[in-house]
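So for the sequence shown, the working numbering puts the first residue at 390; every next one is plus one. Backbone N, C-alpha and C define an ideal beta-carbon position, used for all residues, glycine too. Keep in mind it's a predicted model, so treat the numbers as computed, not measured.
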Amino acid sequence: MYCFRKVTDDLYWVGADDHRLALFENIHPLYHGISYNSYLLLDEKTVLFDTVDWAVGRQFMENVRAVLRNRPLDYLVINHVEPDHAASIEEVLLRWPNVKIITSPKAVLLLHQFGCPIDGCSVEQVKEGDTRCFGKHTVTFVNAPMVHWPEVMVTYDQTNGVLFSADAFGSFHALDGKLFADEVDFDHEWLDEARRYYTNIVGKYGPQVQSLLKKADTLDIKMICPLHGLVWRKDIGYFLDKYMHWSTYEPEEKGVMIVYASMYGNTETAAEILAAKLAERGVTNTRLYDVSSTHVSYLISDLFKYSHLVLASVTYNLGIFPPMHNFLMDMKALNLQNRTCAIIENGSWACRCGSLMRTCLSEMKHMRVLEDGVVMASSLHEQDLPELDTLADSLTASLKE
Ligand code: FEO
Numbered sequence: 390m391y392c393f394r395k396v397t398d399d400l401y402w403v404g405a406d407d408h409r410l411a412l413f414e415n416i417h418p419l420y421h422g423i424s425y426n427s428y429l430l431l432d433e434k435t436v437l438f439d440t441v442d443w444a445v446g447r448q449f450m451e452n453v454r455a456v457l458r459n460r461p462l463d464y465l466v467i468n469h470v471e472p473d474h475a476a477s478i479e480e481v482l483l484r485w486p487n488v489k490i491i492t493s494p495k496a497v498l499l500l501h502q503f504g505c506p507i508d509g510c511s512v513e514q515v516k517e518g519d520t521r522c523f524g525k526h527t528v529t530f531v532n533a534p535m536v537h538w539p540e541v542m543v544t545y546d547q548t549n550g551v552l553f554s555a556d557a558f559g560s561f562h563a564l565d566g567k568l569f570a571d572e573v574d575f576d577h578e579w580l581d582e583a584r585r586y587y588t589n590i591v592g593k594y595g596p597q598v599q600s601l602l603k604k605a606d607t608l609d610i611k612m613i614c615p616l617h618g619l620v621w622r623k624d625i626g627y628f629l630d631k632y633m634h635w636s637t638y639e640p641e642e643k644g645v646m647i648v649y650a651s652m653y654g655n656t657e658t659a660a661e662i663l664a665a666k667l668a669e670r671g672v673t674n675t676r677l678y679d680v681s682s683t684h685v686s687y688l689i690s691d692l693f694k695y696s697h698l699v700l701a702s703v704t705y706n707l708g709i710f711p712p713m714h715n716f717l718m719d720m721k722a723l724n725l726q727n728r729t730c731a732i733i734e735n736g737s738w739a740c741r742c743g744s745l746m747r748t749c750l751s752e753m754k755h756m757r758v759l760e761d762g763v764v765m766a767s768s769l770h771e772q773d774l775p776e777l778d779t780l781a782d783s784l785t786a787s788l789k790e
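Pasting the structure below:
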């Protein structure tokens, strides 16, 4: 049975939710599912904007068929060819063999690489600024390279101000019947998952997102239709502001994230005491995470949010405790920058992880490491407490800068 929603008078959401996928891209855990969005325009011509992951292909096909009501499908606009959106193209081509594909030249290359059978189809390759008229609606194609793949373009409908934004402005989280951001309590129910999606999927490409935002600024956008998550038709500036912070690596909030790597609880205790000392100084916007039991996608997401980071780690095999090392490598890979950091290091002998963590941070951009830190030998002792007090003072002062 079909399950679609009306977006405007002549535009329909024909995507589907996936509640069964455990790991998005086989790496990021999903606890609230995800949606794959596709949109169908009924103009003088019928136009489908992107398809969906094959996992929800059957639902998608029922939706498209129900909205078309025996009309042919005239055009398929492909903004992005990652398989979570392009895997159902082949089925579309089988069912509507006369459909004309509109996409970017790089997308054609990648579609071939992925084995999508577009040879023999009508394919119109478009470039930045090209337009197509489908009757009442005229759309413009805007390149968005490396947001987050090279072929990506977004499509702007000049007639009603709808921006088909590809992965930009997407989110983890299934729609569960809702479609518009104003139908949910976004700040409480969705923002964390939207941030985790952006930072882990697109976060590396801040400058490219900035380029897209500059182009978007020249358009009169009335609605944003992304390929995952909610459609924005109100308060678009709120979400654009989040994207400005994330893509410029500016923290959203002053606050301290304490991430600890602890084998027997001693480094964890130091992290807890530091959090308590910060609270005593009035610093309560703190978050404490065990790096061993928190998926790194959550750590990355919160690090895009908060201004300060304390890394507390035990030394392991004369190096950084592996999950902490993985976190640092992910920070670097995702281009994380512009944070104030502090180090707590622990080692029963040959304590080395502090200097190694400092080296990792020095390889990232604009990461300031406070001189005050704490060195522990196996566990915290009474004589170590002044060092923690000094570190708490230093963090508190830095938060006021
Ligand atoms: Fe949702 Fe880049 O695919």
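When rounded, the separation of the alpha-carbon atoms in L788 and L692 is 15 Å. Its Cα nearest to that of T527, the residue D432 stands out among V764, D432, A405 and D442. Here Y391 carries a coil assignment [DSSP, helix/strand/coil]. Residues whose Cβ lies closer than 5 Å to any heavy atom of ligand 1, listed in chain order: E471, D473 and D556. In this structure, the CA atom of G550 is about 15 Å from the CA atom of G518.
K516 has its alpha-carbon roughly 16 Å from the corresponding atom of S600. By the neighbour-count definition (other C-beta atoms within 10 Å, threshold 16), P486 is an exposed residue.
Fully enclosed beta strand (DSSP E) runs of no fewer than 3 residues occupy 464-467 of the segment 440-471, in order along the chain. Boundaries of the beta strand (DSSP E) harbouring G644: E642 to A650, taken from the DSSP string. A Cβ-Cβ separation of about 7 Å places P461 in contact with T435 under the 8 Å criterion. Distance from the Cα of D398 is smallest, within the candidate group D442, I610 and K525, for K525. Considering only L780, V541 and E480, the residue with the shortest C-alpha distance to E471 is V541. The way I'd put it, the segment 698-705 does touch the segment 730-747; three or more beta-carbon pairs between them come closer than 8 Å. Between P615 and D556 a beta carbon distance of about 7 Å is seen, short of the 8 Å cut, so the two are scored as contacting. Per DSSP, reduced to three states, the secondary structure at I689 is helical.
By the CB criterion at 7 Å, S636 and V598 fall inside the cutoff.
For A533 and P711, the gap between their C-alpha atoms comes out near 36 Å. Under DSSP, Q514 takes part in a beta bridge, and its partners are T492.
V543: member of the beta strand (DSSP E) spanning M542 to D546, first to last residue. As computed with DSSP, R757 is found in a beta bridge with T729.
Rounded to the nearest angstrom, the Cβ distance from S424 to A563 is 5 Å, consistent with a contact under 8 Å. Inter-residue distance for A665 and G736 is about 23 Å (C-alpha atoms, whole angstroms). Looking at M718, L430 and H421, the one whose alpha-carbon comes closest to that of A455 is L430. Here N532 carries a strand assignment [DSSP, helix/strand/coil]. Taking the C-beta atoms as reference points, Q726 is found no nearer than 7 Å to M746. Secondary structure note for D778: its alpha helix (DSSP H) is the uninterrupted segment L774 to L788. Non-local beta-carbon contacts of I662 in its own chain, meaning distances under 8 Å to residues more than five positions away in sequence, involve L769, L774 and L777 in chain order.
Look at the segment 581-657 and you find these whole runs of beta strand (DSSP E), each 3 residues long or longer: 612-614 and 642-650. Here the alpha carbons of Q772 and A583 stand approximately 44 Å from one another. Excluding its 5 nearest sequence neighbours in each direction, Y594 has C-beta neighbours in its own chain below 7 Å: M535, V536 and H537, listed in chain order. Under DSSP, F553 takes part in a beta bridge, and its partners are T544 and C614.
Restricting attention to S696, L688 and N706, the CA atom closest to the CA of M720 is found in L688. The beta carbon of S427 sits closer than 7 Å to the beta carbons of V403, G404, L437, F438, D439, T440, V441 and F449 from its chain, once the five residues preceding and following it are set aside; these are given in chain order. Judged by DSSP in its simplified three-state form, F438 adopts strand.
Its chain contains V543, T544, Y545, D546, A605, L608, I610, M612, I613 and C614 as the residues whose beta carbon lies nearer than 8 Å to that of L552, once the 5 sequence neighbours on both sides are disregarded; these appear in chain order.
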